[in-house]
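Each residue of the sequence shown is one higher than the one before, starting from 1 at the first, in the UniProt record's numbering.
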Amino acid sequence: MAFRILDLPNELIVSVTSHLDKSLDLQNLALTCKRLQTLTEPSLYNNIFFRSDSQLTRLIDSIATRQHRARSIRGIECRCLPKRWNSDIGFERLPSLLAHAVNTKDFVFESPHCNDSKFEGHQKHARMQRAIFESMSSTSSQNISQPSLQHLQRLTIHMNGPGSPYWTLDGNSNAIVTHPTLQELTVSCVNITVNCTANIKDNFVPTSLKKLVLDECNITPDGLLNLLTLPKALSHLHLGENFYNSSQFPDHIDTSFNNLFRRYPQLTMQALNQQSASLESLTYVTHKGYDSQYEALNHPQPPESAFSNFGQLQDVRLIGDCRNFERAICKNNPPPALARLHCCGEPELLTFKLAKEHVATHNTDEYQRLVANIPFLKHTSVLPPGLKSFGLTFDRLQNDWTMFAAPPPAQPFETWLATLEKLARYLLQYEAVLNVDTKHRNLWIPPLLYGEEDGIRVPLLTSDTSGAIYKAQEDWEAVYGDSDDDIDDFDEGDENTSLDGFFYDLEEDDEEDDDEDGDDDDDDDDNEDIGGDEVADFVFLTQH
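Right under this line is the structure:
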């Protein structure tokens, strides 16, 4: 029977093939004939994914002589495998890929030793840093002779430093925060100091950045102040201080970093106020506890009504424990558009607060009794008028996942669950819902890299605007979990399984790619007799 799809006009064939989700199906279709190869290649090269320098080399070879393939690339994911990445070869060729892929809009980079304990030395790290940031520099300086990444909109960089878990945003790397077309930026394990804006010209034009995610970063208040001068109108900010990595690695963290709202609330608010007219969502991740030593040294005054001039701020989340941040958001005059509040903290800390006995006074009304121990709301005298959703998540914010403390015997689960149920009914009177859940822990620590998943959330109590309230299992297992069940099996031998099916003919010779001589000749000989145009150089990684 004839291959009927070839009777269709090209436009319809492209429409049909666009619905194929699996890259392997597209690959097989492209091998059928020259016409289908031409029509499917834009989809095949739309998203590029690779994990080793040998794969990168073959990818560059496949696009070097066929520029239409490079022009089809919209997304690049370079998620390096530590055991299969040769820094000397791979990082020298990465700029070549970025230079060819002129229409790239999304770029994700994970260094070979991010979240690892074996970090590159200074020379290898310098080569890696140049490979990433020089392409950005040519764009930021509007150097037309090197138009790499002129259309970039979303950038994610998970990288370590030289001999350290942390790298530094400075004059050698800050092109990523001055990129003229970038809309979203995610970086992790970065030292952000006053030098983060070094070498930026005085006539610098504010960027179009809308979303900034700082994950596990070491941040000083003056560094944050300088960094937030760059975006013209930032909408979403994830302000994540270094917590997990500080307990995972022995590196000394300077005392000037982090705990921004505890130690430098005024300077921190001065930095955030630069984006007060546009900020719509704010997430703050900080250490769990109260550091009395720093508090005594600095005597910071907790800001009240600090966010009252943030007219667009609708969504606020706190991960950790910070009384000053809660007061800044809710005390006296909360943001006028505030619609969603969420707090995520350790089970012991949250349950202790919820179960604390509240001493009623003669002027305490119903609302104040209900929220006396509730994060954020305890700093309000009335419910914020526009609030539509309030959430609590029980999550152990520490790296030691083997610790599962028992609940306080004098404060059973039902005590604070009943308190939350009363709060849910009160919120429903104002058409606001309550969501309480617990987060099952796993082995991964932020930043979450390729193949790593965040903990699974299990609802404990939820309400909806219809008036219904749903409660989960009423015992401590729902909050504290079962340590035997929470530890997922981890097989280090499975690290390459994600690559299956991404190459035409590389499944059998992956081990050969690690040879020191880098010899991977004649890998595509089996494709020589395929009908249509030659596809011997048609090697790539795409949708994964």
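Cβ coordinates follow ideal geometry from the N, Cα and C atoms, glycine included.
Inset, instruction - Just grab the DSSP bridge partners of Asp-315 for me. - result: On the sequence shown, residue 315 is found 315 positions in, with the first residue counted as 1. Note: Asp-315 sits in a beta bridge opposite Ser-281 and Arg-340.
Inset, instruction - Leaving out five residues on either side along the sequence, give the residues of the same chain with a beta carbon under 7 angstroms from the beta carbon of Leu-39. - result: As a working note, residue 39 is residue 39 in the sequence shown. Counting only Cβ-Cβ distances below 7 angstroms, and skipping sequence neighbours, we find Asn-10, Ile-13, Val-14 and Thr-17.
Legend entry - Run of the beta strand (DSSP E) containing Ser-188, from where it starts to where it stops: Here residue 188 refers to the residue found at position 188 when the sequence shown is read from its first residue. Taken as a continuous stretch (DSSP letters only), the beta strand (DSSP E) holding Ser-188 covers 184-188.
Legend entry - Sheet register partners of Asn-218 (DSSP bridge): For the purposes of this step, residue 218 is identified with residue 218 of the sequence shown, where counting begins at 1. DSSP, once it has assigned bridges, lists Asn-191 as partnering Asn-218.
Legend entry - Option in Ser-256, Gly-311, Ile-176 and Lys-471 with minimal Cα separation from Gly-386: Start at 1 with the first residue of the sequence shown, and residue 386 comes out as number 386. Nearest option by C-alpha distance: Gly-311.
Inset, instruction - Compare the beta carbon distance of Pro-334 and Pro-384 with 8 angstroms and say whether it is the shorter of the two. - result: For the purposes of this step, residue 334 is taken as residue 334 along the sequence shown, with counting starting at 1. For the purposes of this step, residue 384 is taken as residue 384 along the sequence shown, with counting starting at 1. Yes. Within cutoff.
Legend entry - Backbone CA spacing between Lys-210 and Asp-106 [nearest angstrom]: Within the sequence shown, numbered from 1, the residue matching residue 210 stands at position 210. Within the sequence shown, numbered from 1, the residue matching residue 106 stands at position 106. Spanning the two alpha carbons is a distance of roughly 15 angstroms.
Inset, instruction - Return the first residue and the last residue of the beta strand (DSSP E) that Ser-463 is part of. - result: In the sequence shown, residue 463 corresponds to position 463, counting from 1. Ser-463 -> beta strand (DSSP E) spans 457-463.
Inset, instruction - Using 10 angstroms around the beta-carbon of Asn-332, count the other beta-carbons present and answer buried if the total reaches 16, otherwise exposed. - result: In the sequence shown, the residue the question calls residue 332 occupies position 332. Exposed, because fewer than 16 other Cβ atoms sit within 10 Å of the Cβ of Asn-332.
Legend entry - Distance CB(Gln-153)-CB(Gln-183) smaller than 8 angstroms: For the purposes of this step, residue 153 is taken as the residue at position 153 of the sequence shown. For the purposes of this step, residue 183 is taken as the residue at position 183 of the sequence shown. Contact flag set, yes.
Inset, instruction - Could you please give me the residues that DSSP links to Glu-241 through a beta bridge? - result: Looking up residue 241 in the sequence shown gives position 241. In DSSP, Glu-241 forms a bridge with Cys-217.
Inset, instruction - May I have the straight-line CA-CA distance separating Leu-6 from Ala-30, to the nearest angstrom? - result: On the sequence shown, residue 6 is found 6 positions in, with the first residue counted as 1. On the sequence shown, residue 30 is found 30 positions in, with the first residue counted as 1. Rounded to whole angstroms, Leu-6 to Ala-30 spans 13 angstroms at the Cα level.
Inset, instruction - Look up Glu-452 in the DSSP assignment and say whether it is helix, strand or coil. - result: As a working mapping, residue 452 is identified with position 452 in the sequence shown. Residue state, collapsed to three classes: coil.
Legend entry - Endpoints, the alpha helix (DSSP H) within which Ile-60 is located: Here residue 60 corresponds to residue number 60 of the sequence shown, with the count starting at 1. 53-64 is the extent of the alpha helix (DSSP H) around Ile-60.
Legend entry - For Ala-271 and Leu-225, believed in contact at Cβ under 8 angstroms, the rounded distance: Position 225 of the sequence shown, counted from the start, is the residue given in the question as residue 225. Position 271 of the sequence shown, counted from the start, is the residue given in the question as residue 271. The Cβ separation is near 4 angstroms, so the contact holds.
Inset, instruction - Put Glu-92 into one of helix, strand or coil per three-state DSSP. - result: On the sequence shown, position 92 is the one that residue 92 refers to. It is helical.
Legend entry - Alpha-carbon spacing of Leu-279 relative to Trp-444, whole angstroms: In the sequence shown, the residue the question calls residue 279 occupies position 279. In the sequence shown, the residue the question calls residue 444 occupies position 444. Distance between the alpha carbons of Leu-279 and Trp-444 is about 30 angstroms.
Legend entry - Short Cβ contact (8 angstroms threshold) for Cys-343 with Leu-318: For the purposes of this step, residue 343 is taken as the residue at position 343 of the sequence shown. For the purposes of this step, residue 318 is taken as the residue at position 318 of the sequence shown. Yes, Cβ-Cβ distance for Cys-343 and Leu-318 is below 8 angstroms.
Inset, instruction - Give a yes or no on whether the C-beta atoms belonging to Glu-453 and Asn-442 are separated by under 8 angstroms. - result: Within the sequence shown, residue 453 is the residue found at index 453, counting from 1. Within the sequence shown, residue 442 is the residue found at index 442, counting from 1. Yes, the Cβ-Cβ distance between Glu-453 and Asn-442 is below 8 angstroms.
Legend entry - CB of Lys-471 within 8 angstroms of CB of Leu-417, strictly: Here residue 471 is taken as the residue at index 471 of the sequence shown, counted from 1. Here residue 417 is taken as the residue at index 417 of the sequence shown, counted from 1. Yes, these two residues count as a Cβ contact at 8 angstroms.
Inset, instruction - Buried or exposed for Phe-204, please, with buried defined as at least 16 other CB atoms from any protein chain shown within 10 angstroms of its CB. - result: The residue you call residue 204 lines up with position 204 of the sequence shown. Answer is exposed; the Cβ neighbour count stays below 16.
Inset, instruction - Give the straight-line distance between the Cα atoms of Ser-498 and Leu-282, rounded to the nearest whole angstrom. - result: One-based indexing of the sequence shown puts residue 498 at position 498. One-based indexing of the sequence shown puts residue 282 at position 282. Because Ser-498 carries a pLDDT of 34, less than 50, the predicted location of this residue cannot be relied on, and the following value inherits that uncertainty. Distance between the alpha carbons of Ser-498 and Leu-282: 34 angstroms.
Inset, instruction - For Glu-366, name the three-state secondary structure that DSSP assigns. - result: To locate residue 366, count along the sequence shown from 1; it is residue 366. Looking at Glu-366 - three-state DSSP - the assignment turns out to be helix.
Legend entry - Within 8 angstroms, strictly: CB atoms of Val-252 and Leu-214: The sequence position of residue 252 within the sequence shown is 252, counting from 1. The sequence position of residue 214 within the sequence shown is 214, counting from 1. According to the sequence displayed, residue 252 carries His and not Val. Cβ atoms of His-252 and Leu-214: not closer than 8 angstroms.
Legend entry - Contacts around Phe-325, its chain only, beta-carbon distance under 7 angstroms, and the 5 residues preceding and following it disregarded: Along the sequence shown, read from residue 1 onward, the residue named residue 325 stands at position 325. Around Phe-325: Phe-261, Tyr-284 and Leu-318.
Legend entry - Beta-carbon gap between Ile-219 and Ile-176 smaller than 8 angstroms: Here residue 219 refers to the residue found at position 219 when the sequence shown is read from its first residue. Here residue 176 refers to the residue found at position 176 when the sequence shown is read from its first residue. No; because the gap between Cβ atoms is not below 8 angstroms, this pair is not in contact.
Legend entry - Beta-carbon separation (whole angstroms), Thr-104 vs Ile-76, contact threshold 8 angstroms: Taking the sequence shown and counting its residues from 1, the one referred to as residue 104 is at position 104. Taking the sequence shown and counting its residues from 1, the one referred to as residue 76 is at position 76. Their Cβ separation, rounded to whole angstroms, is 6 angstroms, which keeps Thr-104 and Ile-76 in contact under 8 angstroms.
Legend entry - Arg-327 to Pro-265 span [Cα, whole Å]: Mapped onto the sequence shown, residue 327 falls at position 327. Mapped onto the sequence shown, residue 265 falls at position 265. For Arg-327 and Pro-265, the distance between alpha carbons rounds to 11 angstroms.
Inset, instruction - With DSSP as the reference, label Leu-98 as helix, strand or coil. - result: Working through the sequence shown from its first residue, we reach residue 98 at position 98. Correct three-state label for Leu-98: helix.
Legend entry - Touch test, the stretch 118-137 against the stretch 155-167, Cβ-Cβ under 8 angstroms, three pairs minimum: yes
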